[in-house]
Each structure stands twice: as structure tokens, then as C-alpha cells.
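Number of protein chains: 2
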Amino acid sequence: MADVAAHVGVSRQLVSLVLADKPGPNPRTRERVLRGAEDLGYRADTAAQLLRRARSRQLGVLFTMEHQLETHIVEALYPAAAEAGYELVLGALLPTRSERRAIDDLIGLRCEALILIGLAEQAPAHLAKVAEQVPVVEIAQYTGATGTDSVRTDDAAGVRAAVDHLVDLGHSDIVHVDGGELPGAAHRREGYLAAMRTNGITERAEVLSGDYTVESGVTAARTLLERDRLPTAVVAANDLCACGVVETLVRAGVRTPDDVSVAGYDDSRTASLPYLDLTTVHQDTGRMAEIAVRCAVERLDEGRTHDRVDVLEPALTIRSSTAPPTPER
Amino acid sequence: MADVAAHVGVSRQLVSLVLADKPGPNPRTRERVLRGAEDLGYRADTAAQLLRRARSRQLGVLFTMEHQLETHIVEALYPAAAEAGYELVLGALLPTRSERRAIDDLIGLRCEALILIGLAEQAPAHLAKVAEQVPVVEIAQYTGATGTDSVRTDDAAGVRAAVDHLVDLGHSDIVHVDGGELPGAAHRREGYLAAMRTNGITERAEVLSGDYTVESGVTAARTLLERDRLPTAVVAANDLCACGVVETLVRAGVRTPDDVSVAGYDDSRTASLPYLDLTTVHQDTGRMAEIAVRCAVERLDEGRTHDRVDVLEPALTIRSSTAPPTPER
DNA sequence: ACCTGGGATTAGCACGTGCCAATCCCGTGT
DNA sequence: ACACGGGATTGGCACGTGCTAATCCCAGGT
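So the sequence lines, in the order shown, correspond to chains A and B. The opening residue of the first sequence carries number 6 in our numbering; numbering runs sequentially from there. The opening residue of the second sequence carries number 6 in our numbering; numbering runs sequentially from there.
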């Protein structure tokens, strides 16, 4: 910046004012400074800005790179943050890199708040401790740690909607392949059981264990295929699992939805593949991202101190993987 | 840091020495300082370190979040960078965020070099200009921009290996579904054509257009299904495309590999799904990551100035999606 | 001629750290 | 008793920027 100032023949401070687009500098001078900066290929030094500025206006985002849904959320976070006048700093959670390390890095970079996309296997154990230092917002996860906000979809309601949809179509033999102990899986399982109860078919309820992977869907489907009779419908804990179920059934000569209806969860890209075309539960990632940023902003700029928990209503996306059961031949 | 110093009762500078693990401080003092830092929950301020240090020892990584392969490469970059004593800073390339912006952000954060994972549709137009300022390494892409290093797999050789494998099995009706104008697609197409020529079956060569997506595999398979006779084997430009081909064929009652053998490319998670179990071409992401970091280090620490282009040999991973053709019934 | 006022510009400090040089302290040898 | 040496510790400056307050300059009114 000093170089630019010398090149134009003004003080460094004037250059600072011009580049920050602050009122004061004479339009003509402003023009000259901008030209000079361009000529010299000047780039602001973020490190120095960060050091000097009272506020960094940066939000840290912690995510794994494993799930498509996380990617969508990250993408949605960018415009939401920009809208609120914040930048995003990404921090990847990897097997080889401890969550602790990732969090420290982001805080070291002066992030004012952390947004944690909670699809990783374990939530940071010391979340409450971190929340003492900076606001923490969890997306798609609710650990209940104090000082933490949470935005998620009502997973129980989503699965209930899927089950209700199947019941409306005439199904009653509906099996659930769950997500084990992974985030959200408990809610989805409860939603399934609740819906089965409400529809008066509790005795038909059955939960097969899974883990949100295609492989777990394959395993579950194989278990079903070993039986004398297949259920007429399967509600999987997520789209990947549903995919595994469908593919395994198809290869065993069982057609979807003709023989068995299958529903997924998340409305990911997998769900909309033409040959799967899964009925699934849509999570509004855009809105989750907006609310997450809003939570951070409320704590940072508006002094909110109490915890906020937002639970969004999911929407059932009906596609062609579910249909009325065909009478047994 | 000053707080820690006051708390322990030593000078700030001593704290700096201890935390940087430099020789000098007395072991006992060192212990006390570390305890003090722990008590106060001290975290180094990266911004200040960056500002002060001559070197930032940070590498910027540009990637989209669209392809699994990119994720694998990013994961592999972390240990490679750590090995060389560098940190990674992630910069996401998104539709809503210009490459220009992403690059400026990373340079503003004082990244000493940029590693560009080249699966995005377009390479930054001003790459040569950027390379004047900081070393640039491209992974899985070769734009030929001056001042730029490139690490990629010999895609032509990979596809040749796949075709040769199929020919060895007895195939000659081998169709290629390509990746259009996307990065690497041209090489893969050429590899296919070259292998067909070498094996003396040029007249059987046929290229269907695609774009590395599952959908393009579906489209290609539908095109094939409309014909009187199917080819006996399909070599897809990547695993996703292969997946689309297989799924579409299966649903049309065509089995893999019994009726048609299908080979993919990338050895992604898709390829190893139990019901696909694709024969595919393995790219050594770990090694590409290591070399990419090495390229940056050579330019940064060892003064290399000439461009370096590394082409790795791929390895054919043979699974169950390819088999000898069954004589026509 | 002098004061006033306000737009334009500048000087100086501060942010938290790393590096260099200077200083302190204590045991040892003469 | 004094100089010496080396490990341990400290002071001061610099990095590039933003903010506050001060200064400059010039036109206009008295």
C-alpha cells in the first residue's frame, strides 16, 4: 500500500481510504489512486487487515467431505454469508486431522463464529468449551451443548410423512433401514415407529440396522431377500441406503416400485438419478444455511445470548419409486 | 501471549520461544509457560504470525466440491503438505463465486503457492498471470500455461489398458462413452481410439458423447438399447458414467458382465460398490498429491524455475464387471 | 487583514507476533 | 577478587493495515 502511495504521490492513509471506499477523498484523487493500485497489481494483505480490524467478519465452517448434503449446505452458506456481510473460511474434518486441530485453526484465523455441519460421526467433545469462546451453530445436528445454536430438519416428521404416504398408497408391510447411531438416525427411526403406531400397524414394524451407506442398503436388502416374503415397502434412512436397497432388489429380479416401493431421505443427487427417481424427503439446505448464518449474526451483531434451536419442516418429494402395492400373485 | 507472560511472570518473548519450541528456555521455565498457556486457553493468532513471519508456509488449494476424486485428492494433500511442513488453505470454486475471487482470497491469505485441482469445467483464464506471482501446480489437468507445473495420470494409457484388457478377454465390439470437452476427456478418447487401432479393430470403434455424469451414461446406454445388436463391451470415461450405463442396461434385462462388459475410470467409491464392482482405471491420488506438494516445495525452497510436467502411469483394477463375451445365442 | 468552516489530506499509534541484538545471571578458572 | 563464558532471559523493532485525531488548504464572510 505504501508502494501505491509513493507511486501516486500521496500518503499511504489516503490510499487506505480510497480502497476501503470511504467518504473523504476527492473523486479525482480517488481515480488516480485506483489507477495506481491497478498498475502495481496491489492486493490487500488479509493477514494485516485481520490483525488490525476490530472485526474479522469471517465465519468458520467445519465439514467433512463425505456426504453430498454437506457439499450442498456449504454451497448454500456462501450466498447467505455474503448477504450478511461475512466471509467463509473452510475447515475440513478428515480422519488424519483432528477436529480439535481444525477448530483451533479456524479460531486462529479469527473466525468470529463456527458453523458445524454435523454429519460427521462424532461431534467435537469439547463443543461447550469452544462455545464459550465463539458462537457455535450446528447444522443438521443437535448436541444440546450450552452456548450452541442448532438448525435441523424435523427428521421424525420427514420419515412420518414418507410412511404416511406409503400407507395412503395401501402399504402396511413397511420396513425401515436405519442409520444406527449416526446423527439424525434416532429421530428418523422414532418417526418411523411413531407413524407405524399412528397408522395402527405397529405389529408390522421392523427396523433393520444400517449406517447411511449404500453398502448397508445392500446388506439390508439381502437380508430381506432371504425370506419367504418381501415387505411391500422400504423406508431407508437416507438416499444412499435406499440406492443400495433398490439396486440389490433389481438384481434379484424384484422391481421398484412394482414389487417393492422404496423411499429415501435427503433428496440428494442420488435420489434424482433417472433410473432411481426416488421418493424422498427434501431438506431445505438453502434455508438451513440462511438460518445458520442468521444465528451467528444474531449472537455477533445483536447480542443474543440464549440458545436458539430451529427445527424446519421437511417436504416429501414424491417420485416414481413408490406406488400402490400390487396384489400378491 | 502477553497475558500468558504476565500470568507466569516472565517476558512475552520467552513465551514466544517456548511455544515455538525453540532452544534456549530452561526446561523448568518451559514447563511453567506451557502450563500457563494451557490455563489461559491461549491460541496463537494466525493473522499476526502470518504478518510477521517471512514465510507463511501455507499452500492454497482450489477445488470444486463436485467430484469424489477431488475430495480424495484434497484428503491426500493434507498429509503430503504436513510432511513438507506446510499448511493447507482451502478455497472452494463454486458457481456463485468466481475463480478470480477465490484466487485473490488465497493469495491475500499469503499462500505461497496454489494447487489447482483441475476437474472444474474451465481452468482460470488468467492462470499464466497468476503463475507470475506464485507457483501454480495443476492436478489432473494440463493447460500448458507458462510458470505452471502439472501432475496428472496418463489417461490415454489408462483407457488403452482397459481396452487391451477387454480385447484379451475376447471382445472386439467395444464402444466408448466419452467426457466431451471436459478435462482429460480428450486423452481418454484418444487412448480408446489408439487401442482400437493397435488391436486392429479400428472399424469397430465408436464414440458416444458424454460428460462424466451418471446421466450421460444413461443416455448412452439408451442409445445402444435402441439398436438391433448391443456391443459386447463399453468403456466409459469415468465411473459415474459407467454406473449409468450398467444401471440402464440392468433395467433393460441386460446383465453385466454376462451380456455386456463395462469398464469405468477413476476407481472411485462408486466403482467398488458391491453390485457394480467395476473394472476401472486406478489413479494414485496419494502420489499425485505428494508430487503436487513436491512441485510447490521445489519452486519455493529449492529455486526451481523451469516448468515440470509429471505424468503418472495408471493401474488397471480388474473387478467383476468385465468378463469374456458369451457367444451370441 | 483576520477569522471561520469544511473538505481533503496526513501523522501516529495500535493490532499480536517473530527475529535480532543486547543484557542478565551464575559458575569457573586464574 | 576479577575477568570470562555461556545458558537464560529480555527489549525493541518490524510486518501491513485501520482508526482517531490532527493538520493543511482554500474559499467566503466580517
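Note that the Cβ used here is the ideal one computed from N, Cα and C, for glycine as well. Quick caveat: nothing in here was measured; it's all calculated off a predicted structure.
Query raised in the report: Identify the residues that DSSP records as bridge partners of alanine 81(A): which are they?
Result: By one-based count along the first sequence, residue 81(A) stands at place 76. DSSP, once it has assigned bridges, lists no residue as partnering alanine 81(A).
Query raised in the report: Where does the unbroken beta strand (DSSP E) through alanine 150(A) begin, and where does it stop?
Result: Start at 1 with the first residue of the first sequence, and residue 150(A) comes out as number 145. Run containing alanine 150(A): none; DSSP gives neither H nor E here.
Report task. Could you run through the stretch 259-280 of chain A and flag, in chain order, every residue whose CB is less than 7 angstroms away from some CB of chain B? Result -> Leu278, Pro279, Tyr280
Query raised in the report: Taking only beta-carbon atoms, is methionine 201(B) less than 7 angstroms away from chain A?
Result: Mapped onto the second sequence, residue 201(B) falls at position 196. By this cut-off, methionine 201(B) is not an interface position.
Requested in this report: Would you please verify whether the beta carbon of leucine 95(A) is less than 7 angstroms from any beta carbon of chain B?
Outcome: By one-based count along the first sequence, residue 95(A) stands at place 90. Interface residue, yes.
Requested in this report: Flag this pair as yes or no: are the beta carbons of leucine 171(B) and alanine 87(B) separated by less than 7 angstroms?
Outcome: As a working note, residue 171(B) is residue 166 in the second sequence. As a working note, residue 87(B) is residue 82 in the second sequence. No. Outside cutoff.
Report task. Could you tell me the distance, in whole angstroms, from the CA atom of alanine 320(B) to the CA atom of alanine 167(A)? Result -> The sequence position of residue 320(B) within the second sequence is 315, counting from 1. The sequence position of residue 167(A) within the first sequence is 162, counting from 1. One C-alpha to the other measures close to 44 angstroms.
Query raised in the report: Taking any Cβ of chain B, which residues in the stretch 278-302 of chain A have a Cβ under 7 angstroms from it, in chain order?
Result: The stretch 278-302 of chain A vs chain B, Cβ under 7 angstroms: Leu278, Pro279, Tyr280.
Query raised in the report: Counting contacts by CB-CB distance shorter than 7 angstroms, is proline 140(B) in contact with chain A?
Result: The residue you call residue 140(B) lines up with position 135 of the second sequence. False, the Cβ-Cβ gap to chain A never drops below 7 angstroms.
Query raised in the report: By how many angstroms is the C-alpha of methionine 6(B) removed from the C-alpha of alanine 247(B)?
Result: The sequence position of residue 247(B) within the second sequence is 242, counting from 1. The sequence position of residue 6(B) within the second sequence is 1, counting from 1. Distance between the alpha carbons of alanine 247(B) and methionine 6(B): 56 angstroms.
Query raised in the report: Can you tell me whether DSSP reads threonine 322(B) as helix, strand or coil?
Result: Within the second sequence, residue 322(B) is the residue found at index 317, counting from 1. In this structure, threonine 322(B) counts as strand in the three-state DSSP scheme.
Query raised in the report: Using 8 angstroms as the Cβ pair cut-off and three pairs as the minimum, do the stretch 253-264 of chain A and the stretch 287-296 of chain A touch?
Result: no
Query raised in the report: On the three-state DSSP scale, how would you describe serine 266(A)?
Result: Position 261 of the first sequence, counting from 1, holds the residue named residue 266(A). In the structure shown, serine 266(A) sits in a strand (DSSP, three-state: E or B).
Query raised in the report: At a Cβ threshold of 7 angstroms, is glycine 215(A) touching chain B?
Result: As a position in the first sequence, residue 215(A) is number 210, starting the count at 1. Closer than 7 angstroms: no.
Query raised in the report: threonine 158(B) CB to nearest chain A CB: under 7 angstroms?
Result: Indexing the second sequence from 1 puts residue 158(B) at position 153. At a cut-off of 7 angstroms, the C-beta of threonine 158(B) has no neighbouring C-beta in chain A.
Query raised in the report: Taking 7 angstroms as the CB-CB limit, is arginine 48(B) close to chain A?
Result: Counted from its first residue, the second sequence places residue 48(B) at position 43. Yes, its Cβ sits closer than 7 angstroms to a Cβ of chain A.
Query - Extent of the continuous beta strand (DSSP E) run through valine 316(A) - result: Sequence index remark: in the first sequence, residue 316(A) carries index 311 (1-based). Segment 314-317, the beta strand (DSSP E) holding valine 316(A).
**Report entry** Whole-angstrom distance between alanine 52(B) and valine 302(B), CA atom to CA atom
**Finding:** By one-based count along the second sequence, residue 302(B) stands at place 297. By one-based count along the second sequence, residue 52(B) stands at place 47. When rounded, the separation of the alpha-carbon atoms in valine 302(B) and alanine 52(B) is 23 angstroms.
Query raised in the report: Where glutamate 295(A) and arginine 234(A) are concerned, what is the direct C-alpha to C-alpha distance, given to the nearest angstrom?
Result: Along the first sequence, read from residue 1 onward, the residue named residue 295(A) stands at position 290. Along the first sequence, read from residue 1 onward, the residue named residue 234(A) stands at position 229. As the crow flies, the alpha-carbon of glutamate 295(A) is around 46 angstroms from that of arginine 234(A).
Query raised in the report: Using a C-beta cutoff of 7 angstroms, does arginine 334(B) count as contacting chain A?
Result: In the second sequence, counting from the first residue as 1, residue 334(B) sits at position 329. The predicted position of arginine 334(B) is uncertain, since its pLDDT is 48 and thus under 50; a value taken from the coordinates is nonetheless stated next. Under the Cβ criterion of 7 angstroms, arginine 334(B) is not counted among the residues facing chain A.
Query raised in the report: Of all Cβ atoms in chain B, is any one closer than 7 angstroms to the Cβ of proline 28(A)?
Result: Translated into the one-based positions of the first sequence, residue 28(A) becomes position 23. Not closer than 7 angstroms to any Cβ of chain B, the Cβ of proline 28(A) fails to qualify, so no.
Query raised in the report: In terms of residues, what are the limits of the beta strand (DSSP E) holding leucine 67(A)?
Result: As a first step, residue 67(A) is located in the first sequence; it is residue number 62 there, counting from the start. Segment 63-68, the beta strand (DSSP E) holding leucine 67(A).
Query raised in the report: Whole-angstrom Cβ separation of leucine 305(B) and aspartate 244(B), contact assumed at under 8 angstroms?
Result: Residue numbering aside, residue 305(B) sits at position 300 when the second sequence is read from its first letter. Residue numbering aside, residue 244(B) sits at position 239 when the second sequence is read from its first letter. Not quite, the Cβ-Cβ distance comes to about 35 angstroms (not below 8 angstroms), so this is no contact.
Report task. Can you pull the chain B residues whose beta carbon is under 9 angstroms from the beta carbon of arginine 60(A), in chain order? Result -> Counting from 1 along the first sequence, the entry for residue 60(A) is found at position 55. Chain B residues near arginine 60(A): none, gap ~12 angstroms exceeds 9 angstroms.
Query - tyrosine 24(B), DSSP secondary structure in three states - result: Counting from one through the second sequence, the residue named residue 24(B) turns up at place 19. One detail in the question is off: residue 24(B) reads as leucine in this sequence, not tyrosine. In this structure, leucine 24(B) counts as helix in the three-state DSSP scheme.
Query raised in the report: Quick one: is threonine 331(A) buried, meaning 16 or more other Cβ sit within 10 Å of its Cβ, or exposed?
Result: As a working mapping, residue 331(A) is identified with position 326 in the first sequence. Burial check for threonine 331(A): the Cβ neighbour count within 10 Å stays below 16, so the residue is exposed.
Query raised in the report: From Asp169(B), Cys116(B), Ser177(B), Ala11(B), pick the residue whose C-alpha is nearest to that of alanine 210(B); which is it?
Result: As a first step, residue 210(B) is located in the second sequence; it is residue number 205 there, counting from the start. For the residues Asp169(B), Cys116(B), Ser177(B), Ala11(B), the minimum Cα distance to alanine 210(B) belongs to Ser177(B).
**Report entry** Strand pairing of threonine 158(A), partner residues [DSSP]
**Finding:** Locating residue 158(A) in the first sequence gives position 153, counting from the first residue. BP columns for threonine 158(A) point to Leu317(A).
Query raised in the report: Span of the beta strand (DSSP E) holding alanine 241(A)?
Result: The residue you call residue 241(A) lines up with position 236 of the first sequence. Counting along the chain, the beta strand (DSSP E) containing alanine 241(A) begins and ends at 238-241.
Query raised in the report: To the nearest angstrom, how far is it from the Cα of aspartate 173(B) to the Cα of alanine 190(B)?
Result: On the second sequence, position 168 is the one that residue 173(B) refers to. On the second sequence, position 185 is the one that residue 190(B) refers to. About 24 angstroms.
Query - Residue burial classification, histidine 72(A) (beta-carbon count within 10 angstroms, cutoff 16) - result: Taking the first sequence and counting its residues from 1, the one referred to as residue 72(A) is at position 67. Per the 10 Å Cβ criterion, buried.
Query raised in the report: Taking C-beta to C-beta, are valine 251(A) and leucine 213(A) nearer than 7 angstroms?
Result: If you number the first sequence from 1, residue 251(A) lands on position 246. If you number the first sequence from 1, residue 213(A) lands on position 208. Cβ atoms of valine 251(A) and leucine 213(A): not closer than 7 angstroms.
Query raised in the report: In three-state DSSP terms, what is arginine 102(A)?
Result: Numbered from its first residue, the first sequence carries residue 102(A) at position 97. Reduced to three states, the DSSP call for arginine 102(A) is strand.
Query raised in the report: Where are the beta strand (DSSP E) runs, 3 residues long or more, that stay fully inside the stretch 206-238 of chain B, in chain order?
Result: 211-213
Report task. List the residues of chain B that isoleucine 78(A) touches, going by C-beta distances under 7 angstroms, in chain order. Result -> Translated into the one-based positions of the first sequence, residue 78(A) becomes position 73. Residues of chain B passing the Cβ test: none, with the nearest at roughly 10 angstroms.
Report task. Could you name the residues of chain B that glutamate 43(A) contacts, counting a contact when the two beta carbons are closer than 7 angstroms? Result -> Here residue 43(A) refers to the residue found at position 38 of the first sequence. Here the premise fails: no neighbours, minimum Cβ distance about 13 angstroms.
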